[in-house]
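Note sheet for the following structure.
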Amino acid sequence: MGAANTSLSSPDRSHRSEYSPELNLGDVPENCVALILNYMEPPEICKLARINRAFRSASTADFIWVSKLPSNYHHLARKLLINDKNKLGEKEIFARLSRPVSFDSGNKEFWVDKMTGGVCVSISSKRLTITGIDDRRYWNHIPSDESRFPTVAYLKQIWWVEVDGDVEFCFPAGTYTLSFKLRLGKVIKRNGRRVYCTEDVHGWGVKPVEFKLIMEGTGKQTVVRQFLETTGNWEYHRVGEFTVDDSNKPTKVKFSLNQIDCTHTKGGLSIDSVLISPANCS
Numbered sequence: 001m002g003a004a005n006t007s008l009s010s011p012d013r014s015h016r017s018e019y020s021p022e023l024n025l026g027d028v029p030e031n032c033v034a035l036i037l038n039y040m041e042p043p044e045i046c047k048l049a050r051i052n053r054a055f056r057s058a059s060t061a062d063f064i065w066v067s068k069l070p071s072n073y074h075h076l077a078r079k080l081l082i083n084d085k086n087k088l089g090e091k092e093i094f095a096r097l098s099r100p101v102s103f104d105s106g107n108k109e110f111w112v113d114k115m116t117g118g119v120c121v122s123i124s125s126k127r128l129t130i131t132g133i134d135d136r137r138y139w140n141h142i143p144s145d146e147s148r149f150p151t152v153a154y155l156k157q158i159w160w161v162e163v164d165g166d167v168e169f170c171f172p173a174g175t176y177t178l179s180f181k182l183r184l185g186k187v188i189k190r191n192g193r194r195v196y197c198t199e200d201v202h203g204w205g206v207k208p209v210e211f212k213l214i215m216e217g218t219g220k221q222t223v224v225r226q227f228l229e230t231t232g233n234w235e236y237h238r239v240g241e242f243t244v245d246d247s248n249k250p251t252k253v254k255f256s257l258n259q260i261d262c263t264h265t266k267g268g269l270s271i272d273s274v275l276i277s278p279a280n281c282s
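Note that the sequence shown covers residues 1 to 282 in the UniProt record's numbering.
The following block contains the structure:
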């Protein structure tokens, strides 16, 4: 009797699928998958694309990647020589733009940040105007495997430091932060090992360095003063922010780094680059 009750209350599992079939991820319509992926970040989309054929196909939908790309991505794509005759899907355009794209004879790079969809620009020290850079008693361009560029500028010793630069670029609308990437000291190889060297570092604790950012055509400028410290690491020294309203015309900004107190010498400064990135980009 007990066995009979058990049989009645617990139907055979082997017949359950006959009446209530179970769905799996492969049964989800592709357009539904695409709508879900549209709300995810690019790294997550690429991971889910590995699940099955439906997810892989849905992940290539143009509308997903248009929402991840900058508003003026067609202009940026032209720098990759992508045009109507060389049509690529938006996913492929995103993939190419999220890798560094060199311009200005290799002295500048831009890329799309994968998480925010914002545009970052990096300017090499070789593209900066540095007083005394041609006199090797003061400055040198030294090779570096820590930089995205082949070399960094290194100051041995000088009485005054003057570094100026500018960039003109079609930034998407938004707010951007400009920073100098600097370090006191340099890395050298000694007995086959990388060694951090500070023997030239001096003079930075007397007066602060003055950083300046000017957005051309607006009259807006930011001036900050900071002391440089010997940490052994590359440091991003934030200068200020600027806002772009029109994505379809170039924005030009000027920037500088100065320490022109001639009462003392200073040395041991490495200048890697200047970075412009969206203010919401970590």
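Ideal Cβ positions, reconstructed from N, Cα and C, are used throughout, including at glycine.
Buried/exposed call for residue i, threshold 16 Cβ in 10 Å
i	result
Asp-12	Low per-residue confidence applies at Asp-12: pLDDT is 49, beneath 50, and the placement is therefore not dependable enough to give any value.
Arg-183	buried
Tyr-39	exposed
Gly-93	Looking at the sequence itself, residue 93 is Ile, so the reference to Gly does not match. The residue is buried, with at least 16 neighbouring Cβ atoms inside 10 Å.
Met-215	buried
Thr-265	exposed
Ser-270	buried
Other residues of its chain near residue i: CB distance less than 8 Å, five sequence neighbours each side excluded
i	result
Cys-170	Asn-72, His-75, Leu-76, Ser-247, Asn-248, Lys-249, Pro-250, Thr-251
Nearest-angstrom Cα separation, counted from residue j out to residue i
i	j	result
Ile-133	Leu-257	14 Å
Gly-165	Lys-108	12 Å
Ser-179	Lys-79	24 Å
Lys-68	Leu-37	11 Å
Phe-255	Glu-241	11 Å
Ile-276	Val-253	10 Å
Contacting residues, own chain, Cβ-Cβ under 6 Å from residue i (five flanking each side not counted)
i	result
Gly-118	Pro-278, Cys-281
Phe-55	Val-33, Leu-48, Ala-49
Gly-268	Leu-184, Gly-185, Asp-200, Val-201
Ile-45	Leu-37, Ser-59
Thr-231	none
Proximity of residue i and residue j at Cβ, strictly below 8 Å
i	j	result
Val-161	Ser-125	no
Phe-149	Ser-273	yes
Val-167	Val-121	yes
Ile-130	Val-101	no
Residues of its chain near residue i, where Cβ-Cβ distance is below 7 Å and the 5 sequence neighbours each way are ignored
i	result
Pro-143	Pro-150, Thr-151
His-237	Ser-179, Phe-180, Leu-182, Phe-211, Gln-226
Lys-85	Caution is warranted here: a pLDDT of 45 is assigned to Lys-85, below 50, making its placement in the model unreliable, and no coordinate value can be reported.
Asp-245	Ala-173
Residues bridged to residue i (per DSSP)
i	result
Cys-32	Per DSSP, none; premise fails for Cys-32.
Glu-64	It is Ile, not Glu, that sits at residue 64 in the sequence shown. According to DSSP, which records beta bridges pairwise, Ile-64 is partnered with nothing at all.
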